[in-house]
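>
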Amino acid sequence: DAKTTQPNSMESNEEEPVHLPCNHSTISGTDYIHWYRQLPSQGPEYVIHGLTSNVNNRMASLAIAEDRKSSTLILHRATLRDAAVYYCILRDGGKSTFGDGTTLTVKP
Amino acid sequence: NAGVTQTPKFQVLKTGQSMTLQCAQDMNHEYMSWYRQDPGMGLRLIHYSVGAGITDQGEVPNGYNVSRSTTEDFPLRLLSAAPSQTSVYFCASDRTGSTGELFFGEGSRLTVL
Numbered sequence: 056d057a058k059t060t061q062p063n064s065m066e067s068n069e070e071e072p073v074h075l076p077c078n079h080s081t082i083s084g085t086d087y088i089h090w091y092r093q094l095p096s097q098g099p100e101y102v103i104h105g106l107t108s109n110v111n112n113r114m115a116s117l118a119i120a121e122d123r124k125s126s127t128l129i130l131h132r133a134t135l136r137d138a139a140v141y142y143c144i145l146r147d148g149g150k151s152t153f154g155d156g157t158t159l160t161v162k163p
Numbered sequence: 017n018a019g020v021t022q023t024p025k026f027q028v029l030k031t032g033q034s035m036t037l038q039c040a041q042d043m044n045h046e047y048m049s050w051y052r053q054d055p056g057m058g059l060r061l062i063h064y065s066v067g068a069g070i071t072d073q074g075e076v077p078n079g080y081n082v083s084r085s086t087t088e089d090f091p092l093r094l095l096s097a098a099p100s101q102t103s104v105y106f107c108a109s110d111r112t113g114s115t116g117e118l119f120f121g122e123g124s125r126l127t128v129l
């Protein structure tokens, strides 16, 4: 099964952009790239997903490398409420493969 | 809408006991899945289902059974609890299996003594 690799932790200042990287070098052609975030004692929350093209929504942007072996979640202006663990996952036909996530700390 | 509902939220078991974690969704989603999350780690897939009557194993299926008799319900059974199964369990559902948003329950915290 495809795996994802993320940095353990990252820091950002409030109102600055944040780029969270993810490597998925063994991704298959049918895997979708999803990003979720998790606050303490809660279930993960959907952020964004894509297959090949870059994606934007109200929460974030997703930049996918041309070879699909890596992706980057972009939070355009970090707020204190964005402090969470961010997971890059691969999804295919009901199977989801999580990495260990990146803990994002946002400093005021 | 209730979304994905998990019960119980907390449970303490003794080694060797069995129990069932319940998961129900009211969104008419075909896909449902169970994950466990150990401290400081990501979620690992235990079992998943692509529709009523169809289940398959995930990354860590040993010691767990599932069934999917209805679209709404996807219970997870621990056959003979072991301390290594102490974890937080999350149930999730989604409409498409790949392209849609996963909706998670609030989690069930299980301690096996």
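If you read the sequences in order, they're chains Z and Y. Sequential numbering of the first sequence, starting at 56, is according to my numbering. Sequential numbering of the second sequence, starting at 17, is according to my numbering. For every residue, glycine included, the Cβ atom is placed at its ideal position computed from N, Cα and C. On a predicted model such as this, the values are computed, not experimentally measured, just so you know.
Using three-state DSSP, classify D137 of chain Z as helix, strand or coil.
Here residue 137 of chain Z refers to the residue found at position 82 of the first sequence. In the structure shown, D137 of chain Z sits in a helix (DSSP, three-state: H, G or I).
> Check P76 of chain Z in the structure and name its three-state DSSP category.
Locating residue 76 of chain Z in the first sequence gives position 21, where the first residue counts as 1. Strand.
> Per DSSP, what are the beta-bridge partners of I144 of chain Z in this structure?
Position 89 of the first sequence, counted from the start, is the residue given in the question as residue 144 of chain Z. Partner(s): Z:H89, Z:F153.
> Mind listing the chain Z neighbours of V66 of chain Y? Cutoff is C-beta to C-beta under 8 Å, in chain order.
Taking the second sequence and counting its residues from 1, one reaches residue 66 of chain Y at position 50. Here the neighbours are G148, G149.
> Would you call the region 63-83 of chain Z and the region 132-148 of chain Z in contact, with 3 or more CB pairs under 8 Å?
yes
> Interface residues of chain Z around F106 of chain Y at Cβ under 9 Å?
By one-based count along the second sequence, residue 106 of chain Y stands at place 90. Per Cβ cutoff of 9 Å: G98, P99.
> Hey, would you say H104 of chain Z sits closer than 8 Å to I88 of chain Z, going by beta carbons?
Locating residue 104 of chain Z in the first sequence gives position 49, counting from the first residue. Locating residue 88 of chain Z in the first sequence gives position 33, counting from the first residue. Between H104 of chain Z and I88 of chain Z, the gap from beta carbon to beta carbon is short of 8 Å.
> Go through the region 89-131 of chain Z residue by residue and report every complete run of the beta strand (DSSP E) that reaches 3 residues or more, in order.
100-105, 116-119, 125-130
> In whole angstroms, what separates the C-alpha of G98 of chain Z from that of S65 of chain Y?
Stepping through the first sequence from its first residue, residue 98 of chain Z is reached at position 43. Stepping through the second sequence from its first residue, residue 65 of chain Y is reached at position 49. Cα to Cα, the separation comes out at about 19 Å.
> Pull up the distance between the alpha-carbon of E88 of chain Y and that of N68 of chain Z, whole angstroms please.
By 1-based counting over the second sequence, the position of residue 88 of chain Y is 72. By 1-based counting over the first sequence, the position of residue 68 of chain Z is 13. For E88 of chain Y and N68 of chain Z, the distance between alpha carbons rounds to 43 Å.
> Against chain Z, does I47 of chain Y count as a neighbour if the rule is that its beta carbon must be under 8 Å from one of theirs?
Your numbering for residue 47 of chain Y matches position 31 in the second sequence. The amino acid occupying residue 47 of chain Y in the given sequence is Tyr; Ile does not appear at that position. So, interface residue.
> If we count the other Cβ atoms within 10 Å of its Cβ and call it buried at 16 or more, is T60 of chain Z buried or exposed?
As a first step, residue 60 of chain Z must be located in the first sequence, where it is residue number 5. Counting Cβ neighbours within 10 Å, T60 of chain Z comes out exposed, since fewer than 16 surround it.
> What is the rounded straight-line gap between the Cα of D137 of chain Z and the Cα of L61 of chain Y?
Reading the first sequence from its first residue, position 82 is the one you call residue 137 of chain Z. Reading the second sequence from its first residue, position 45 is the one you call residue 61 of chain Y. For D137 of chain Z and L61 of chain Y, the distance between alpha carbons rounds to 25 Å.
> Anything in chain Z within Cβ reach of E122 of chain Y, meaning under 9 Å, just list it in chain order.
On the second sequence, residue 122 of chain Y is found 106 positions in, with the first residue counted as 1. Result: S96, Q97, G98.
> Could you work out which residues of chain Y lie near Y141 of chain Z, taking near to mean beta carbons separated by less than 8 Å?
Taking the first sequence and counting its residues from 1, the one referred to as residue 141 of chain Z is at position 86. Chain Y residues near Y141 of chain Z: none, gap ~11 Å exceeds 8 Å.
> Should L4 of chain Y go down as buried or exposed, given a rule of 16 or more other Cβ atoms within 10 Å for buried?
Look at the range of chain Y in this structure, 17 to 129, and you will see that residue 4 of chain Y is not part of it.
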